[in-house]
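Read the structure below first, then the notes.
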Amino acid sequence: MMNKVLLILADGMRPDAIDRCGNSYAATLMKESAYTPAARTVFPSVTLPCHMSLFLSVEPGRHNTLTNTYVPQVRPINGLCETLRLHKKRSAFFYSWEQLRDLTRPDSLELSYYANGHIFGYEKANPMVTTAAINHIRESAPDFVFLYLGYPDAAGHGFGWMGKEYLESVRESIERMEQIITTLPAEYNVIVTADHGGHERMHGTELAEDMTIPLFLRGERFSPGADIPNASILDIAPTIAELIGVPRDEDWCGKSLV
Ligand SMILES: [Zn+2]
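Converting from the sequence shown to my numbering requires adding 48 to each position, the first position being numbered 1.
Shown next, in the form of structure tokens:
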């Protein structure tokens, strides 16, 4: 029974970059998954607000983190990991951008692995977090695993979205996805997405290039090759809760895509 979830988020990965980056595993993943190149993130299309909205399934106006500086919630919502913990499910995080530590409240995770992308370089942090996730899944097989790949956003800011260095960062990130997905135990569903897109050397606007994200849903409850109409980043937490078999929090605004 597929009742565990691996969520892979590549920061700043545009759907049109997946087609153009030259990694053939992207086509394999599309064939094996329900897929849309036209899911929507929230505004502002900025990393921490978008991640907060993913994990809490509410618009930024509700959680109130509107920049990359975390703001404690006035009326706290139980996010995905707090909800899983409440139902005795185990979660683990693997990431390279430290602001993401605020995505969960203390005691929600069984393991948190952080490699500083600014110090190691995101192109090195990507394989570090991936290898750590593979090893931990082998040892502990938690119900929910979050793997954050920071390289595309760093390449986008450094060299420009859709340029050759950026496309290489997306190609490398998809290589990391192949590395972990092909070694996963059978009980894992896989969700692949991004927090936002980008244009020139920036993101954060309401432009389609910033607001459009890819979404792959791979598992026995999804039809390979099917479209996912009207998908939003807010739908990811309710989808994961349903796959793992816990009730969604009543404050969440997204819909399950199962
Ligand atoms: Zn960025």
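Note that beta-carbon positions come from the ideal geometry of N, C-alpha and C, so glycine has one too.
Own chain residues within Cβ distance below 6 Å of residue i, not counting five before or after
i: residue 266; result: 80, 81 and 238
i: residue 283; result: 302, 303 and 305
i: residue 308; result: What the structure shows of the chain is the stretch from 49 to 306, and residue 308 is not part of that stretch, so it cannot be assessed.
i: residue 269; result: 306
i: residue 209; result: 246 and 247
i: residue 202; result: 170
i: residue 236; result: 52 and 54
Local Cβ density within 10 Å of residue i, reported as buried at 16 or more and exposed below that
i: residue 25; result: Coverage of the chain is limited to positions 49 through 306, which leaves residue 25 absent and any answer about it impossible.
i: residue 61; result: buried
i: residue 154; result: exposed
i: residue 263; result: buried
i: residue 204; result: buried
i: residue 212; result: exposed
i: residue 277; result: exposed
i: residue 52; result: buried
i: residue 70; result: exposed
i: residue 242; result: buried
i: residue 49; result: exposed
i: residue 144; result: buried
i: residue 156; result: buried
i: residue 101; result: buried
Residue i to residue j span [Cα, whole Å]
i: residue 256; j: residue 167; result: 32 Å
i: residue 171; j: residue 285; result: 28 Å
i: residue 217; j: residue 200; result: 5 Å
i: residue 246; j: residue 180; result: 28 Å
i: residue 225; j: residue 295; result: 28 Å
i: residue 197; j: residue 174; result: 5 Å
i: residue 85; j: residue 93; result: 16 Å
i: residue 163; j: residue 59; result: 15 Å
i: residue 240; j: residue 123; result: 30 Å
i: residue 206; j: residue 288; result: 33 Å
i: residue 275; j: residue 66; result: 16 Å
i: residue 106; j: residue 77; result: 28 Å
i: residue 244; j: residue 186; result: 30 Å
i: residue 299; j: residue 125; result: 7 Å
i: residue 134; j: residue 297; result: 11 Å
i: residue 234; j: residue 176; result: 23 Å
i: residue 249; j: residue 214; result: 10 Å
i: residue 57; j: residue 110; result: 22 Å
i: residue 116; j: residue 147; result: 7 Å
For residue i, the residue or residues it bridges with in DSSP
i: residue 193; result: 54 and 140
i: residue 161; result: 142
i: residue 237; result: 53
i: residue 260; result: 88
i: residue 265; result: 82 and 239
i: residue 247; result: 250
i: residue 304; result: In the DSSP output, where bridge partners are listed per residue, residue 304 has none listed.
i: residue 280; result: 88
Cβ shell of residue i (< 8 Å), same chain only, five flanking positions each side left out
i: residue 184; result: 140, 142, 159, 161, 190 and 193
i: residue 103; result: 127, 128, 129, 151, 152 and 285
i: residue 88; result: 259, 260, 261, 279, 280 and 281
i: residue 74; result: 66, 67 and 222
i: residue 178; result: 142, 195, 197, 224, 227 and 228
i: residue 308; result: Residue coverage of the chain in this structure runs from 49 to 306, which leaves residue 308 outside it and unanswerable.
7 Å CB neighbourhood of residue i in its chain, flanking five on each side removed
i: residue 273; result: 79
i: residue 231; result: 182
i: residue 318; result: Residue coverage of the chain in this structure runs from 49 to 306, which leaves residue 318 outside it and unanswerable.
i: residue 137; result: 191, 192, 292 and 294
Query - Length at least 3, wholly inside the region 68 to 155: the beta strand (DSSP E) runs in chain order - result: Runs of the beta strand (DSSP E) lying entirely within the region 68 to 155, each at least 3 residues long, are 82 to 88 and 139 to 143 in chain order.
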